[in-house]
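Residue numbers (full-length UniProt numbering), protein chains in the order written: chain A, 1 to 218; chain B, 1 to 218; chain C, 1 to 218; chain D, 1 to 218.
Notes for the one structure printed next.
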DNA sequence: GATGAATGAGCTTTCATTCAT
DNA sequence: TATGAATGAAAGCTCATTCAT
């Protein structure tokens, strides 16, 4: 064991570091293979091979393929989840477009979007994890929309639950579309979303900054 | 096996008939198993067993599990596809709500919705088939929306392609939701859809039947 | 392929028959391999190979190696068990020698003797099965010896339980020796056994036929 | 690791000492594991772990699992071997009972008895080692019995070889019974053994101390 | 045609052994 | 020397597919 207490020694922990690297290499390898060939069609051996590791090493880091999958998912749950919608002042369409673009750009880096539908169907436990996260996210969106509605910014006669569901659905689909590499005109999508949520005159006021929230009882 | 050549035997082509029955039994069996356990986890033996035929018989009717899947999909592509949107006169929300309900009721009977995401990911050829159908469907919707836009019924400043995509996406998601057994308030969904497509005053006119299409250049 | 519907055809049931043959071939193959290399060192693949059958076929007939073992054991439990001792009139040494020889000859054909010690140690369930059979056998021997003792034929001051255990132990060891191919002088063994059981004057009377059992209260 | 070169440190060869300790720890660990789970089911990793050393260290001390086994066996061969029978004057039954009890008590502490049958079957070389020891032991017993026979103490008409074999067999079985934790009435066993060896009147004389060995030609 | 036993490639997983640290 | 992560051969078992009946 090298002396780790010398002044100026490079403060790395070679073993743990290498371990961690291998673990990550395996996860990366698995991810790419899952995306290429699907979860079922990917074998532990292949995962190990692409990570430049022996088959047995796979089982030092993960009890099995499923466990690796769970790690992989948990790592990236936030990326998978549709973004958090929070309305600030300003042009809502531009605002949203910007956020959509940023979110899906990040998403694309972790190509999991492509993977999820398959996984969710076959694995009840995983589905539960993701569903929980989704429900949590939807609650937040719902609360936000409720607040907006109370402020009189939204269509008054539409059920907020339905609206939330529609938004999330579109965001998820957008995510899939994105992961398929199709290009997306975020400006246009933002326009549709806004039109779905807000009556035209509200949008106009928001854009002009003349929106008077004081009129709204809270 | 009883003697089938007795006088008085049913005079129609019993062989072909029985063949067809077996083929269908196999498809039905496969469908239910695919839905229950997923495509990968269903074995040829099981499919045969549930269809009350021998394993080998499976291979007389289908060259392989995948081929059966393709048959199954093709049979039911229309059910899987989001419905065809055609706007007639009258209250558009009621109209749409009715059609949605009918469509998803039909869909639910062929529970394939649940199956598709898994399949599409793994099987490029299948994905291509489905994508073709989807594109075809989208084209029709697109044309219809273009006509509506030209008539001045729709938001003038929204890209029709984006809109079409949003509609289809929502319809697909609705289909999934449906197949998960969650109940759906079609009335509300119809409202959201309509609001996404049409400006409020147009909706009002449609409902009142005072819409004057003649103003629209064609 | 021979026509099996000819008059005079041998009334066999080809399928079941072949199945049975294969099952037996597998059992035989397993037995010989277990004896050659031990249970743990024998693989399902090898068993199948020696039975001229594919690996998968093994699993059609047995859920796994252990199950095959159980079948094998149950088939041959009687052969494994030490013989049943019943004393009739006449020269007890000759009588016993004859029975020993016959028994161990039979035993040798099913070479399981060699196999048992290993198996019993590792497999609690199997050990239980064999132990049951052993206990049953010992009870019978015990009863027999008790009867002999009541008749005054045996050493009066020796515990019958201990004696039974010694006899059975020697028989089992003899079985092992036998299975190892060492030759055995049954005459001499019979002499030892008899001397262990009966006082010398009783043996003498038995040989002379002058034994008077009427003196014995029952 | 603490500095081991401090003044006042124990001046003996600490390295060799520690080595020896490790070796022994490994042997002890292996022994207990072999007894608990059997030789085949014990892994090198487990042995190392229970001995509080790294897996690799195992291979510094033993070329392989089997070699460790051999060491272990050789260490304890005497305990495993049935005891040495030497007849002195006095009550032979009491004498024998005492020795049996002592011997099997010692045996029980090194629980190897349980292990042997499994090992002997699989491992020809080990079997040979043990067999050698056994043969050697039997020779000694044989010589002793021959002496006794020449002195006229034993049944004159029984083959000494057979007798030796029977004695050894019973001793081995007793050992197994012992290792199974069943209780044993050594008094009774001693009685059976003596009766197997000596005619009743000799036993009587031995007990009474009236045995006149001088009558015997040597 | 129909049957289902048979096949064997291929997957998951274990573990004796090696070797860089 | 000691370590324990890494290795990869080999075991158990499954299942799509074939083929003799």
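All residues carry an ideal CB built from backbone N, CA and C; glycine is no exception.
| Check | Outcome |
| --- | --- |
| Measure the C-alpha to C-alpha separation of residue 24/C and residue 129/B and round it to an integer number of angstroms. | 51 Å |
| Can you give the Cα-Cα distance for residue 205/B and residue 90/B, rounded to whole angstroms? | 9 Å |
| Can you name, in chain order, every residue of its own chain whose Cβ lies under 7 Å from the Cβ of residue 96/C, other than the five neighbours on each side? | 190, 193, 194 |
| Consult DSSP for residue 92/A and reduce its assignment to one of helix, strand or coil. | helix |
| Would you call residue 210/D buried or exposed, if buried means 16 or more other Cβ atoms sit within 10 Å of its Cβ? | exposed |
| If we count the other Cβ atoms within 10 Å of its Cβ and call it buried at 16 or more, is residue 152/A buried or exposed? | exposed |
| How about residue 65/D and residue 44/D: do their beta carbons lie closer than 8 Å? | yes |
| Below 8 Å between beta carbons: does that hold for residue 175/B and residue 138/B? | no |
| Give me the Cα-Cα distance between residue 196/C and residue 63/C, rounded to the nearest whole angstrom. | 47 Å |
| Pull up the distance between the alpha-carbon of residue 58/A and that of residue 35/C, whole angstroms please. | 37 Å |
| What's the C-alpha gap between residue 94/A and residue 76/A? | 27 Å |
| For residue 199/C, which residues from the same chain have a beta carbon less than 7 Å from its beta carbon, with the 5 sequence-adjacent residues on both sides left out? | 155 |
| Output yes if chain D places a C-beta closer than 8 Å to the C-beta of residue 91/C; else output no. | no |
| Count the other CB atoms, across all protein chains shown, that sit within 10 Å of the CB of residue 135/C; report buried if there are 16 or more and exposed otherwise. | exposed |
| Nearest CA to the CA of residue 74/D: which residue from 132/D, 172/D, 173/D, 146/D? | 132/D |
| Report yes if the C-beta distance between residue 100/A and residue 68/A is below 8 Å; otherwise report no. | no |
| Looking only at its own chain, which residues have a Cβ that is under 8 Å from the Cβ of residue 47/A, when we skip the five neighbours before and after it? | 26, 29, 30, 33, 58, 65, 68 |
| Buried or exposed: which applies to residue 116/B, given that a residue is buried once 16 or more other Cβ atoms fall within 10 Å of its Cβ? | buried |
| Are the C-beta of residue 192/A and some C-beta of chain B separated by less than 8 Å? | yes |
| For residue 21/D, count neighbouring Cβ atoms within 10 angstroms of its own Cβ and tell me buried if that reaches 16, exposed if not. | exposed |
| Given a cut-off of 8 Å, decide if residue 173/B and residue 173/A are closer than it, judged by their beta-carbon atoms. | yes |
| For residue 132/B, name the three-state secondary structure that DSSP assigns. | helix |
| Helix, strand or coil: which one does DSSP assign to residue 192/C? | helix |
| I'd like to know if residue 29/A contacts chain B, where contact means its C-beta is closer than 8 Å to some C-beta of that chain. | no |
| Straight-line CA distance for residue 70/D to residue 41/B? | 48 Å |
| Answer with buried or exposed for residue 201/D, where buried requires no fewer than 16 other C-beta atoms within 10 angstroms of its C-beta. | exposed |
| So, using beta-carbon positions, are residue 145/A and residue 164/A closer together than 8 Å? | yes |
| Name, please, each residue of chain C whose Cβ falls closer than 7 Å to the Cβ of residue 170/D. | 166, 169, 170 |
| So is residue 56/A in contact with chain B if we call contact Cβ pairs under 8 Å? | no |
| Helix, strand or coil for residue 76/D per DSSP? | helix |
| The segment 175-208 of chain B: which residues have C-beta closer than 8 Å to a C-beta of chain A, in chain order? | 177, 185, 188, 189, 191, 192, 195, 196, 199, 200 |
| Give me the Cα-Cα distance between residue 166/A and residue 160/B, rounded to the nearest whole angstrom. | 18 Å |
| Please report how far the alpha carbon of residue 127/B lies from the alpha carbon of residue 52/C, in whole angstroms. | 44 Å |
| When the Cα atoms are used, what is the spatial distance from residue 180/D to residue 186/D? | 16 Å |
| According to DSSP, is residue 63/D helix, strand or coil? | coil |
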